[in-house]
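Residue numbers (the numbering used here), protein chains in the order written: chain A, 28 to 341; chain B, 838 to 1197.
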C-alpha cells in the first residue's frame, strides 16, 4: 500500500520557500517507517484513512528530526541533495522541522484519539532528548556501548516503537503486557538498525556504498567504533580516532584479523538480541486474535532486513 | 554452515506465581534479568535470560568472595578503626578486647550490609535500569539472590556474636547500635529502595558511616565520655563517604531520573548537581581545616591538608567541565573522585600514624 505522505496542500503556500524545502525533503528516502506501519496495520485491519495518518505522522516526525540533525551536525548532503539548512538558511531548517512536528499535533488531535496524541508527544520528547544527548557526546571517544545504546533508544528506537504500538493504540487496544512486548521489540529493532548503520561506516556489508569513516571523521564514535575500542588503551584510542582510511583502522586495532575477530564478536552479541526479539515475537501471539496472526509473519523477517541488510530467507 | 543455539529467554509478569522463583534464583537453572532501556514505565514484566549452571563463568573463590562483600570498599570502615586505634593505643584506658570485638563485629556487619544492598538492587530492579561497571555477583549469576540473602543473615548473626563482648563491656554501645538499627530500618523501608537512593537514606548513611561508627568504636576502645574530636572527625568522615555516594549517583543521573529515583543529585538536576558536588567538597576541606585547627594543630597536618586541597582543584575542574550525563566524562570524574578519596585516606592514615608514633 502506498501513502501520500506529503501534499503541498498540507502547508500554507504563502510561506516562502517552505513547500520547496519539503519537496526536496520528501522526494527522497526509503519510507521504511511508513512501510513498517503498513506491516503492522494491515493484519490488524486498521482502516486506510488511519493508516495514512499514522504513516504521515511517522514520516513527518522522522523528517523533522533529519532537518534538525543535519543542522546540528553541519551535514552538507542528505539523500544525495544539499541539506535544507545549507540550501536555504539554518533558521528555515529549524522552523521547517518545528512546523512538521506542529502539523503532527494538529492532525492527530483532529483524529481524536487522546492516548495516541499523548504517546506521540512522549515519543517526540524522547527523540529530542536523544538528539540533545547525542550532541553532548560529540568528540567523546571514550563513550561506552551501553551509553550509546541509551541514546539510540531515545533517538532511533523510539520511532520504531511508535510504528509497532500506534496501530494498536488507534484501535484502542491499550493492554499493558502487549505494549510492554511491543516496546521491547521496538527497542531491539532500533538497536539492530542503528548498529547495522554504524557498521556501514566501517564498510561492513556496505551494499549501499555509504561513505566510509564519515562518523569518525565528524568526531563521533558510533556503536561499532565504541565496541571495538573498548579494550584499547587511551593512546591506542587516540591513534584509532585519527584514522582516515580503513587500513589505518586495522593497524590501530592490531591488524585486519583483529578487526574481523571483533566484528564476529559484535555479530554474536547482536544475534543474542535477535534471539530476544524472537522470544518477544513468540509472546506477542498471545495478544493477537486468530485473524491477526499474519502480524507475526510480517514482523519475523525484520531483524534479517535491518541488521543483516539482506532479503529475508524463506 | 554452523548452526548456533539460540539464547533462551522467559518473560514473566510480577503477578505470575513463578516470578519470585526466577527473581530469587530458586530454580535449577540460572535466570538473569535482562537490562531494560524502557525506563519510567509501570514495569510489571521482566525478561530473564536462562542459562545452565555450567554456562556461568565461575571466577574462582577469591574473586567471588571479594566481589560479594565488596572488599575494595572496606577502607570506609577500616580507616575509622585505624584512627581510633591510634587515638587510644598509648592510653591506659585502651580496652583491646572490647575494641577487637567491636572491629570484628563491624567488619562482619559491613559485609552483610554490602551483600544485602546488592540483593536489594537486584530485587528492586535498580541493577536492570542503571549503568554499572562493577562486577555484581548476583547479576553475573555467580550466586542466587536467595543464597546471598542467607549469607548476609549469617554475617549479621556472626557480627552480633563477635560484637557481644564489646556490648557487654560497654553498655552505652547498645544505645548507639539500637539507634543505628532503627534508622536503618526506617530508611530501608521508607520507599522499599536501597539506602543510597533516597534523601532520608542519605542522611542516615552519613550518620551511620560517620559519627555513629566513630563513637561506637571510641566507646568500645574505652572512651568514657562523648569526645568532641571523635564527633567532628565522624562528621568529616561521614561527609566524605556521602560525597563518594553522591558522585556515584551523579554518574547515573540520567537513568536514575528517568526511573524516578529520588536522591539529592536527581532532585538538583545536572547543572546544579555539578555545583553541589564542588561545594560539598569545599565544605569537606573546611571541616577538615576546623578539625585540624582544634585537635591536630601541627605543621605537618597543615602541609597534608594543603596537598589534598591542591589535588582537589584539578578534580573539581574535572567535575565542572563534564558536558553530558551520558559521556565518558562522568566515568572519568568518578575515577578521579576515587583517586582523591584514596589520597585523603592515605593522608588520614599518615596523620593517625604520626599521632601514634608521637606517644610511643
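Backbone N, C-alpha and C fix where the C-beta goes; we use that ideal spot for every residue, glycine too.
The way I'd put it, the segment 273-282 of chain A doesn't touch the segment 148-165 of chain A; fewer than three beta-carbon pairs between them come closer than 8 angstroms. About 7 angstroms separates the Cβ atoms of residue 914 of chain B and residue 1050 of chain B, confirming a contact at the 8 angstroms cut-off. Within its own chain, the residues whose Cβ lies closer than 7 angstroms to the Cβ of residue 864 of chain B, once the five positions on either side in sequence are excluded, are 858, listed in chain order. Within chain A, 302, 305 have C-beta atoms less than 8 angstroms from the C-beta of residue 843 of chain B, given in sequence order. Here residue 310 of chain A is not near residue 844 of chain B, since their CB atoms are 7 angstroms or more apart.
Under the criterion of beta carbons closer than 8 angstroms, residue 1087 of chain B and residue 1167 of chain B qualify as touching, at roughly 7 angstroms. Rounded to whole angstroms, residue 930 of chain B and residue 1003 of chain B show a C-alpha spacing of 14 angstroms. For residue 888 of chain B, the enclosing beta strand (DSSP E) begins and ends at 882-888.
The contact set of residue 882 of chain B on chain A, defined by CB atoms closer than 7 angstroms, consists of 204, 207 in chain order. Fully contained in the segment 1118-1162 of chain B are the following alpha helix (DSSP H) runs of length 4 or more, in chain order: 1136-1157. Residue-level contact check: residue 874 of chain B touches chain A, since one or more beta carbons of chain A fall below 7 angstroms from its beta carbon. According to the DSSP assignment, residue 38 of chain A belongs to no alpha helix (DSSP H), since it is labelled neither H nor E. A straight-line Cα-Cα distance of about 10 angstroms links residue 1095 of chain B and residue 967 of chain B.
By the neighbour-count definition (other C-beta atoms within 10 Å, threshold 16), residue 1161 of chain B is a buried residue. Bounds of the alpha helix (DSSP H) holding residue 948 of chain B are 933-961.
Neighbourhood of residue 163 of chain A in chain B, by CB distance below 9 angstroms: 1160, 1161, 1162, 1163, 1164, in chain order. Taking a contact to require three or more Cβ pairs closer than 8 angstroms, the segment 106-115 of chain A and the segment 131-143 of chain A do not qualify as touching. When the beta-carbon positions are compared, residue 873 of chain B and residue 207 of chain A stay at least 7 angstroms from each other. Distance from the CA of residue 1057 of chain B to the CA of residue 936 of chain B, rounded to the nearest whole angstrom, comes to 5 angstroms. Residues of chain B whose Cβ lies closer than 8 angstroms to the Cβ of residue 135 of chain A do not exist, since the nearest Cβ in that chain is about 21 angstroms away. Between the segment 166-177 of chain A and the segment 35-50 of chain A there are fewer than three C-beta pairs closer than 8 angstroms, too few to call the two in contact. Boundaries around residue 976 of chain B are those of the alpha helix (DSSP H), 974-977, since no beta strand (DSSP E) includes it. At a cut-off of 7 angstroms between beta carbons, residue 846 of chain B contacts chain A. As summarised for the segment 54-140 of chain A, the continuous alpha helix (DSSP H) elements at least 4 residues long and confined to that stretch are 59-71, 75-100, 111-114, 117-138, given in chain order. Sequence-distant Cβ neighbours of residue 927 of chain B in its own chain, meaning closer than 6 angstroms and more than five residues away, are 1196, 1197. Within the DSSP secondary-structure output, residue 848 of chain B pairs in a beta bridge with B:884. The beta-carbon of residue 178 of chain A is placed less than 7 angstroms from the nearest beta-carbon of chain B.
Look at residue 310 of chain A: its C-beta is under 7 angstroms from a C-beta on chain B. In this structure, residue 950 of chain B lies away from residue 1081 of chain B, with their beta-carbon atoms at least 7 angstroms apart. Note that the C-beta distance between residue 1070 of chain B and residue 1130 of chain B is not below 7 angstroms.
Contacts between residue 151 of chain A and chain B, judged by CB atoms closer than 9 angstroms, are missing: the closest CB pair is about 16 angstroms apart. The segment 1168-1177 of chain B makes no contact with the segment 888-902 of chain B; the number of CB pairs closer than 8 angstroms stays below 3. Note: residue 867 of chain B is bridge-paired with B:888 in the DSSP secondary-structure output. Nearest Cα to residue 947 of chain B within the set B:991, B:973, B:1144, B:934: B:991.
Spatial neighbours of residue 319 of chain A in its own chain (CB-CB distance under 7 angstroms, excluding positions within 5 residues in sequence) are listed in chain order as 70, 71.
Within a 10 Å sphere around the beta-carbon of residue 1016 of chain B sit fewer than 16 other beta-carbons, which makes this residue exposed.
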